[in-house]
Amino acid sequence: MALSGLEIYKLLPKTNCKKCGFPTCLAFAMQLAAKKVSLDKCPDVTEDAKRALESAAQPPIKLITIGKGDEKLEIGNETVLFRHEEKFYHPTGIGFLLEDTSSEQDLRKALEEIKKLDFERVGQRIKANIIALSCKSKDASKFEAALKVILQGTNLPVALMSDEPPIMEKALEISKDKNPLIYRATSANFKEMAKLSKAFKAPLVASAPTLEELEGLVKNLNAEGVQDIVLDTGEKGIAEKLWDFTQIRRLALKKAFRPFGYPVIAFTKSEEPFQETAEASTYVAKYAGIVVLKNRNPWSTLPILTLRQNIYTDPQKPLQVEAKIYEIGKVSDKSPVLVTTNFSLTYYTVEAEVESSKVPSYIVSCDSEGMSVLTAWAAEKFTAETITKTLKRLGVKDKVSHKEVVIPGYVAVLSGKLEEESGWKVTVGPREASGIPSFLKNLGK
Amino acid sequence: METSKQNWTGKISVATIGATDKEGGTRSSQVTVGGETTLPYLFKEGDIPNAPVIAMEVLDIEPTDWPDALKKPFGDSLKDPVKWAVKCVEEYKAPLISVKLIGTHPDFGNKSAADSGKLIKDILQAVKVPLIILGSGDDEKDNVVLAKASEVSKGERCLIGDATEKNYKTLTASCLADGHNIIGESPIDINIAKQVNILISEMGFPLDRIVINPTIGALGYGMEYAYSIMERARNAALIGDKMLAMPFICLVGQEAWRAKEAKAPSSEHPEWGDEYSRGVLWEIETAVSVLVAGADILVMRHPKAIEEAKKYIDNLMRR
Ligand code: SF4
Numbered sequence: 001m002a003l004s005g006l007e008i009y010k011l012l013p014k015t016n017c018k019k020c021g022f023p024t025c026l027a028f029a030m031q032l033a034a035k036k037v038s039l040d041k042c043p044d045v046t047e048d049a050k051r052a053l054e055s056a057a058q059p060p061i062k063l064i065t066i067g068k069g070d071e072k073l074e075i076g077n078e079t080v081l082f083r084h085e086e087k088f089y090h091p092t093g094i095g096f097l098l099e100d101t102s103s104e105q106d107l108r109k110a111l112e113e114i115k116k117l118d119f120e121r122v123g124q125r126i127k128a129n130i131i132a133l134s135c136k137s138k139d140a141s142k143f144e145a146a147l148k149v150i151l152q153g154t155n156l157p158v159a160l161m162s163d164e165p166p167i168m169e170k171a172l173e174i175s176k177d178k179n180p181l182i183y184r185a186t187s188a189n190f191k192e193m194a195k196l197s198k199a200f201k202a203p204l205v206a207s208a209p210t211l212e213e214l215e216g217l218v219k220n221l222n223a224e225g226v227q228d229i230v231l232d233t234g235e236k237g238i239a240e241k242l243w244d245f246t247q248i249r250r251l252a253l254k255k256a257f258r259p260f261g262y263p264v265i266a267f268t269k270s271e272e273p274f275q276e277t278a279e280a281s282t283y284v285a286k287y288a289g290i291v292v293l294k295n296r297n298p299w300s301t302l303p304i305l306t307l308r309q310n311i312y313t314d315p316q317k318p319l320q321v322e323a324k325i326y327e328i329g330k331v332s333d334k335s336p337v338l339v340t341t342n343f344s345l346t347y348y349t350v351e352a353e354v355e356s357s358k359v360p361s362y363i364v365s366c367d368s369e370g371m372s373v374l375t376a377w378a379a380e381k382f383t384a385e386t387i388t389k390t391l392k393r394l395g396v397k398d399k400v401s402h403k404e405v406v407i408p409g410y411v412a413v414l415s416g417k418l419e420e421e422s423g424w425k426v427t428v429g430p431r432e433a434s435g436i437p438s439f440l441k442n443l444g445k
Numbered sequence: 446m447e448t449s450k451q452n453w454t455g456k457i458s459v460a461t462i463g464a465t466d467k468e469g470g471t472r473s474s475q476v477t478v479g480g481e482t483t484l485p486y487l488f489k490e491g492d493i494p495n496a497p498v499i500a501m502e503v504l505d506i507e508p509t510d511w512p513d514a515l516k517k518p519f520g521d522s523l524k525d526p527v528k529w530a531v532k533c534v535e536e537y538k539a540p541l542i543s544v545k546l547i548g549t550h551p552d553f554g555n556k557s558a559a560d561s562g563k564l565i566k567d568i569l570q571a572v573k574v575p576l577i578i579l580g581s582g583d584d585e586k587d588n589v590v591l592a593k594a595s596e597v598s599k600g601e602r603c604l605i606g607d608a609t610e611k612n613y614k615t616l617t618a619s620c621l622a623d624g625h626n627i628i629g630e631s632p633i634d635i636n637i638a639k640q641v642n643i644l645i646s647e648m649g650f651p652l653d654r655i656v657i658n659p660t661i662g663a664l665g666y667g668m669e670y671a672y673s674i675m676e677r678a679r680n681a682a683l684i685g686d687k688m689l690a691m692p693f694i695c696l697v698g699q700e701a702w703r704a705k706e707a708k709a710p711s712s713e714h715p716e717w718g719d720e721y722s723r724g725v726l727w728e729i730e731t732a733v734s735v736l737v738a739g740a741d742i743l744v745m746r747h748p749k750a751i752e753e754a755k756k757y758i759d760n761l762m763r764r
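Protein sequence lines, in the order shown, are assigned to chains A and B.
First residue of the first sequence: 1, per our numbering; consecutive thereafter.
First residue of the second sequence: 446, per our numbering; consecutive thereafter.
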């Protein structure tokens with residue numbers, strides 16, 4: 001946790017000797033807190049103070065990377081308990097559980113299904129992130145064979161699931177250049193698993209049924225030299241998991257409690273897809289770094305990915321699209337011109353409806369600071385003046401031979417003023433985007 | 446071992462909907478919500494005495510924009526709000542019915558206050574569970590329609606809404622006179638949410654009869670705005686802000702079933718998979734997101750979504 005200027009001051013020699021170039025130790029401390037100077041400018045700082053400052057400079061929740069390349073998964077390094085306090089940074093990795101007892105053919109089919117869990121929503125790609133392969137067979141050769149199928153069939157990061165160090169070692173041998181996640185170290189096997197984690201430089205899940213035992217296990221792993229850890233509190237009810245995850249996040253953030261300064265992984269308990277989706281989503285909202293699922297239907301995964309996108313959106317900065325003229329379909333100078341705001345949810349909803357209408361159109365997105373139509377109108381960011389300015393600035397009149405513009409039904413009140421200001425003829429469109437297709441089809445009839 | 450327990454001093458008020466003959470009404474049961482002294486489902490640092498409840502939604506006109514998957518479970522009853530309400534209670538065991546008088550809106554049929562009054566009376570006759578009564582959102586119309594609805598249901602301790610910052614006086618006066626609970630609505634704004642509650646209470650309305658409608662969006666359609674407003678309001682309430690310490694009501698079904706993901710046919714989006722499950726799950730998932738943020742009353746539509754959301758609530762409440 002970052003220290004304040006005063007907290008840093010307490011660690012300095014307090015001699016005001018000016019060797020750092022600042023008039024007092026306090027002035028130097030303030031600059032340190034603002035990260036404008038580095039500590040080595042003070043020649044007299046003690047070793048103890050150095051260590052305290054260094055550990056304070058570490059993030060309270062460590063960033064853990066799993067996998068390599070474009071598909072690598074980064075989790076942790078979160079700074080708040082509630083998204084409204086700032087924002088959540090590293091979206092929960094959505095994982096899928098596969099078992100080595102499945103046939104090669106079934107594994108390949110599963111990988112194909114997982115590959116399709118890749119969607120575009122409001123201009124962002126949302127998709128599956130990790131495959132967890134469980135050694136259900138307890139047989140090293142079966143596990144290896146299944147792992148090979150996975151490594152061949154996907155670039156997604158993998159989590160290797162076995163409590164047996166010898167089996168894990170063999171699996172790590174063939175997957176070591178993929179930076180897999182090792183699942184898991186327990187009180188029974190932590191020494192061997194720690195060794196493997198270090199030898200293969202792979203992150204390791206620490207798993208214990210209670211928070212007390214988890215604390216002890218992490219301390220043991222740290223003592224063995226393992227620093228890249230993901231926390232797991234085992235199978236239990238949803239409310240109990242919520243409590244565990246909340247405790248872990250609170251202790252890490254509020255008390256700088258190092259043993260819990262890592263992201264957490266959750267496995268769903270429910271088998272049935274509706275309940276599993278609900279359970280998994282609860283963990284996405286409440287602090288899981290990874291959630292591993294059993295079902296992989298598109299219809300049961302899309303809601304989780306969407307919920308993750310919502311929760312991880314920056315509350316201060318709604319997703320925006322560039323304010324410009326978008327051409328939808330094969331437009332001509334006769335095509336209609338629709339205006340809307342630059343809030344991406346608004347824009348993409350309009351875009352999708354225009355597309356489905358099959359009527360080639362221009363959409364002019366006005367800079368409304370990422371607000372939706374009604375909000376932007378209320379905040380005076382979407383007015384006759386701003387629309388007029390946008391039409392001018394983007395040179396819309398050079399694109400079309402007519403001078404007619406369609407505005408959203410919710411801001412029908414703007415029509416008169418807008419006609420006056422812009423000199424364009426204004427047509428009031430539907431209030432909801434869903435009315436656009438029939439509106440466009442009837443336009444000009 | 447170190448723990449990090451919050452010492453919450455605030456408590457969400459407890460609202461009771463429905464009056465049995467003991468309380469001077471004709472309901473056969475009551476629904477009680479609120480009373481939390483902790484954040485959602487953190488049982489180890491406070492109490493959650495009442496599980497969230499799901500009200501089933503009934504409209505006063507036949508729905509025009511519902512996809513087939515949503516219409517099917519109700520069959521012909523969708524043409525008759527009274528039959529529809531009966532089906533919800535008898536077949537789907539709804540503990541609470543929410544009647545939305547959307548047909549009184551000038552754009553959707555402009556039904557009269559007298560018509561709505563009769564409908565409410567008939568529903569009160571036909572089903573014995575407590576009622577939520579919602580206006581159409583047209584201020585002028587709501588003022589006459591809801592006043593009538595309140596009058597004909599006097600003594601039944603319904604939950605009636607919505608009162609807004611600009612239009613609260615008539616409804617507050619009605620609910621006060623007729624012994625109902627009231628919903629204060631705010632447009633995803635915590636300050637307005639508080640302001641509405643202050644305005645209502647300044648008219649002498651008891652705080653424990655106010656419920657907050659934070660106006661949620663569906664999953665994928667702005668859900669996160671209300672989610673964060675609810676989390677902020679709950680945190681404020683638990684440290685003692687009484688003007689935000691009311692149960693939340695969330696209109697889950699209405700929002701979820703507007704989403705394209707809920708209603709688009711598979712032919713349009715084959716990549717999204719099974720149409721039926723997708724629609725039902727979009728409603729469940731919208732419910733999940735507001736439950737995690739602290740919702741107390743959910744108004745929902747699809748019987749299967751309701752059944753699954755109920756199962757999930759039972760799971761959450763298992764401590
Ligand atoms: S050099 Fe160190 S001891 Fe000297 S004034 Fe700067 S901070 Fe203080």
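Glycine residues also receive a C-beta, built at the ideal position from the N, C-alpha and C atoms.
*Indicate whether the contact test is met: 3 or more Cβ pairs, each with one atom in the stretch 727-739 of chain B and one in the stretch 520-530 of chain B, closer than 8 Å.*
no
_Against V733 of chain B, what residues of chain A qualify as contacts under a CB-to-CB distance less than 7 Å, listed in chain order?_
By one-based count along the second sequence, residue 733 of chain B stands at place 288. Neighbours of V733 of chain B on chain A, chain order: A278, S281 and T282.
*DSSP puts R121 of chain A in a beta bridge; with which residues?*
What you label residue 121 of chain A is simply residue 121 of the first sequence in a count that begins at 1. In the DSSP output, where bridge partners are listed per residue, R121 of chain A has A:Q124.
*Whose C-beta lies closer than 7 Å to the C-beta of I346 of chain A among residues of the same chain, with five residues either side of it excluded?*
For this step, residue 346 of chain A is matched to residue 346 along the first sequence. Going by the sequence as given, residue 346 of chain A is Thr instead of Ile. Closer than 7 Å at Cβ, skipping near neighbours: T340, S372 and V373.
*Could you tell me the distance, in whole angstroms, from the CA atom of I565 of chain B to the CA atom of N626 of chain B?*
Stepping through the second sequence from its first residue, residue 565 of chain B is reached at position 120. Stepping through the second sequence from its first residue, residue 626 of chain B is reached at position 181. Cα to Cα, the separation comes out at about 16 Å.
*asked:* For a test of the three-state rule: what should DSSP assign to F200 of chain A, helix, strand or coil?
replied: Within the first sequence, residue 200 of chain A is the residue found at index 200, counting from 1. Here F200 of chain A sits in coil by DSSP.
*L515 of chain B: contacting residues in chain A (beta-carbon distance under 7 Å)*: Within the second sequence, numbered from 1, the residue matching residue 515 of chain B stands at position 70. Those do not exist, as L515 of chain B stays about 15 Å from chain A at its closest Cβ, beyond 7 Å.
*Quick one: what does DSSP say I694 of chain B is sitting in, helix, strand or coil?*
Residue mapping note: residue 694 of chain B aligns to position 249 of the second sequence, counting from 1. In the structure shown, I694 of chain B sits in a strand (DSSP, three-state: E or B).
*For chain A, find out if any of its Cβ atoms is closer than 9 Å to the Cβ of F488 of chain B; answer yes or no.*
Start at 1 with the first residue of the second sequence, and residue 488 of chain B comes out as number 43. Closer than 9 Å: yes.
*Checking contacts by CB at 9 Å: is E753 of chain B closer than that to chain A?*
On the second sequence, residue 753 of chain B is found 308 positions in, with the first residue counted as 1. Look at E753 of chain B: its C-beta is under 9 Å from a C-beta on chain A.
*asked:* So I238 of chain A contacts chain B; which residues on that side make the cut at Cβ distance below 9 Å?
replied: Translated into positions along the first sequence, residue 238 of chain A becomes position 238. Result: Y486, Y757, N760, L761 and R763.
*Distance, Cα to Cα, A185 of chain A vs G234 of chain A?*
For the purposes of this step, residue 185 of chain A is identified with residue 185 of the first sequence, where counting begins at 1. For the purposes of this step, residue 234 of chain A is identified with residue 234 of the first sequence, where counting begins at 1. Going from the Cα of A185 of chain A to the Cα of G234 of chain A covers about 12 Å.
*What residues in its chain sit with their C-beta under 7 Å from that of E86 of chain A, if we drop five residues either side in the sequence?*
Looking up residue 86 of chain A in the first sequence gives position 86. Answer for E86 of chain A: T79 and V80, listed in chain order.
*Beta-carbon of I304 of chain A versus every beta-carbon of chain B: anything under 9 Å?*
As a first step, residue 304 of chain A must be located in the first sequence, where it is residue number 304. Interface residue, yes.
*Report whether the distance from the Cβ of A29 of chain A to the nearest heavy atom of ligand 1 is below 8 Å.*
For the purposes of this step, residue 29 of chain A is taken as residue 29 along the first sequence, with counting starting at 1. Yes, since a heavy atom of ligand 1 falls inside the 8 Å radius drawn around the Cβ of A29 of chain A.
*Could you tell me if the beta carbon of D40 of chain A falls within a distance shorter than 8 Å of some heavy atom in ligand 1?*
Numbered from 1 along the first sequence, position 40 holds the residue referred to as residue 40 of chain A. Not under cutoff, so the answer is no.
_Closest by C-alpha distance to K255 of chain A, when choosing among A:I61, A:E54, A:T15 and A:N16_ = Locating residue 255 of chain A in the first sequence gives position 255, counting from the first residue. Of A:I61, A:E54, A:T15 and A:N16, the residue nearest in Cα terms is A:I61.
*Going by Cα to Cα distance, which pick from B:L696, B:S722, B:T509 and B:L541 is closest to G548 of chain B?*
Locating residue 548 of chain B in the second sequence gives position 103, where the first residue counts as 1. When C-alpha distances from G548 of chain B are compared across B:L696, B:S722, B:T509 and B:L541, the shortest belongs to B:T509.
_Host alpha helix (DSSP H) of S450 of chain A (start-end)_ = Limits of chain A in this structure are 1 at one end and 445 at the other, which puts residue 450 of chain A out of reach.
*Under the three-state reduction of DSSP, which class applies to S207 of chain A: helix, strand or coil?*
For this step, residue 207 of chain A is matched to residue 207 along the first sequence. In this structure, S207 of chain A counts as strand in the three-state DSSP scheme.
*Would the beta-carbon of D48 of chain A be found less than 8 Å away from any heavy atom of ligand 1?*
In the first sequence, residue 48 of chain A corresponds to position 48, counting from 1. No, ligand 1 has no heavy atom inside 8 Å of this Cβ.
*Please list the partners that L242 of chain A has in chain B, where partner means a Cβ-to-Cβ separation under 7 Å.*
Translated into the one-based positions of the first sequence, residue 242 of chain A becomes position 242. Ordered by position in chain B, the residues that pass the 7 Å Cβ test against L242 of chain A are Y486 and L487.
*Mind pulling the chain B residues with CB within less than 9 Å of T313 of chain A?*
Residue numbering aside, residue 313 of chain A sits at position 313 when the first sequence is read from its first letter. Result: E669.
*For F82 of chain A, name the three-state secondary structure that DSSP assigns.*
Here residue 82 of chain A refers to the residue found at position 82 when the first sequence is read from its first residue. Coil.
*Would the beta-carbon of K36 of chain A be found less than 8 Å away from any heavy atom of ligand 1?*
Here the question's residue 36 of chain A lines up with position 36 in the first sequence. No - ligand 1 has no heavy atom lying nearer than 8 Å to the Cβ of K36 of chain A.
_Within the continuous alpha helix (DSSP H) that includes D607 of chain B, where are the two ends?_
As a first step, residue 607 of chain B must be located in the second sequence, where it is residue number 162. Per DSSP, D607 of chain B belongs to no alpha helix (DSSP H); it is in the beta strand (DSSP E), L604 to A608.
*When you compare only the Cα positions, how much space is there between P497 of chain B and S712 of chain B?*
Numbered from its first residue, the second sequence carries residue 497 of chain B at position 52. Numbered from its first residue, the second sequence carries residue 712 of chain B at position 267. Going by the C-alpha atoms only, they are around 36 Å apart.
*When the cut-off is 9 Å and only beta carbons count, does F200 of chain A lie next to chain B?*
Indexing the first sequence from 1 puts residue 200 of chain A at position 200. False, the Cβ-Cβ gap to chain B never drops below 9 Å.
*asked:* Can you tell me whether K18 of chain A sits near ligand 1, meaning its C-beta is under 8 Å from at least one heavy atom of the ligand?
replied: Start at 1 with the first residue of the first sequence, and residue 18 of chain A comes out as number 18. Yes, the beta carbon of K18 of chain A sits closer than 8 Å to at least one heavy atom of ligand 1.
*Answer yes if the stretch 267-275 of chain A comes into contact with the stretch 744-760 of chain B, meaning at least three C-beta pairs across the two stretches below 8 Å, and no otherwise.*
yes
*Compute the minimum distance between the beta carbon of K14 of chain A and the heavy atoms of ligand 1, and state whether it is under 8 Å.*
Taking the first residue of the first sequence as 1, we reach residue 14 of chain A at position 14. Yes, since a heavy atom of ligand 1 falls inside the 8 Å radius drawn around the Cβ of K14 of chain A.
_Beta carbons nearer than 7 Å to chain B: which residues of the stretch 73-91 of chain A have them?_
F82, R83 and H84
*Going straight from the alpha carbon of K755 of chain B to that of I499 of chain B, what length do you get?*
Indexing the second sequence from 1 puts residue 755 of chain B at position 310. Indexing the second sequence from 1 puts residue 499 of chain B at position 54. In a straight line, the C-alpha of K755 of chain B is about 8 Å away from that of I499 of chain B.
*Any idea if N442 of chain A is buried or exposed, counting beta-carbon neighbours within 10 angstroms, 16 or more meaning buried?*
The sequence position of residue 442 of chain A within the first sequence is 442, counting from 1. Classification of N442 of chain A: exposed, given that the 10 Å Cβ count is below 16.
_Is there a Cβ of chain A sitting closer than 9 Å to that of W727 of chain B, yes or no?_
Translated into the one-based positions of the second sequence, residue 727 of chain B becomes position 282. Taking Cβ atoms only, chain A reaches closer than 9 Å to W727 of chain B, which makes this a yes.
*Taking 8 Å as the cut-off, is the CB of D44 of chain A close to at least one heavy atom of ligand 1?*
Counting from one through the first sequence, the residue named residue 44 of chain A turns up at place 44. Because some heavy atom of ligand 1 lies under 8 Å away, the Cβ of D44 of chain A counts as near it: yes.
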